[in-house]
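If you read the sequence shown in this note's numbering, its first letter stands for residue 14, the second for the next number, and so on.
Working notes, beginning with the structure itself.
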Amino acid sequence: MAYVISDSCVACGTCAPLCPVEAISEGDIYKIDPDTCISCGTCAESCPSEAIHEE
Ligand code: SF4
Numbered sequence: 014m015a016y017v018i019s020d021s022c023v024a025c026g027t028c029a030p031l032c033p034v035e036a037i038s039e040g041d042i043y044k045i046d047p048d049t050c051i052s053c054g055t056c057a058e059s060c061p062s063e064a065i066h067e068e
């Protein structure tokens, strides 16, 4: 089970450097690679837009 980033993402960039496995890629909306994510939840806790949820 991976975490996913929703349309609520404002691309603030808070989450990406916190991911221990570098699963988050930048863009207009950030994306999590489901094959790399280990579902630690660090990104979801850090997101000021509450845009990251477990799938
Ligand atoms: Fe990275 Fe953890 Fe977020 Fe998965 S849940 S993308 S491993 S910070």
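Note that beta-carbon positions come from the ideal geometry of N, C-alpha and C, so glycine has one too.
Residue i versus residue j: straight-line alpha-carbon distance, rounded
| i | j | result |
| --- | --- | --- |
| cysteine 50 | cysteine 32 | 9 angstroms |
| aspartate 41 | alanine 24 | 6 angstroms |
| threonine 55 | serine 21 | 17 angstroms |
| glutamate 63 | threonine 27 | 12 angstroms |
Contact set for residue i: own chain, Cβ-Cβ below 8 angstroms, skip 5 residues either direction
| i | result |
| --- | --- |
| lysine 44 | Ile18, Ile37 and Ser38 |
| glutamate 68 | Met14, Ala15, Tyr16, Val17 and Pro47 |
| histidine 66 | Tyr16, Val17, Ser19 and Ala57 |
heavy atom of the ligand NAP below 8 angstroms from residue i C-beta
| i | result |
| --- | --- |
| isoleucine 42 | The ligand NAP is absent from the structure shown, which contains only the ligand SF4. |
Close-in-space but distant-in-sequence residues of the same chain around residue i (CB under 6 angstroms, 5 per side omitted)
| i | result |
| --- | --- |
| aspartate 46 | Ala36 |
Range of the contiguous beta strand (DSSP E) that encloses residue i
| i | result |
| --- | --- |
| glutamate 67 | 65-67 |
| isoleucine 42 | Unbroken run through isoleucine 42: none, as it is neither H nor E. |
Neighbourhood of residue i by C-beta, 7 angstroms cutoff - its chain only, sequence neighbours within 5 removed
| i | result |
| --- | --- |
| cysteine 53 | Pro33 |
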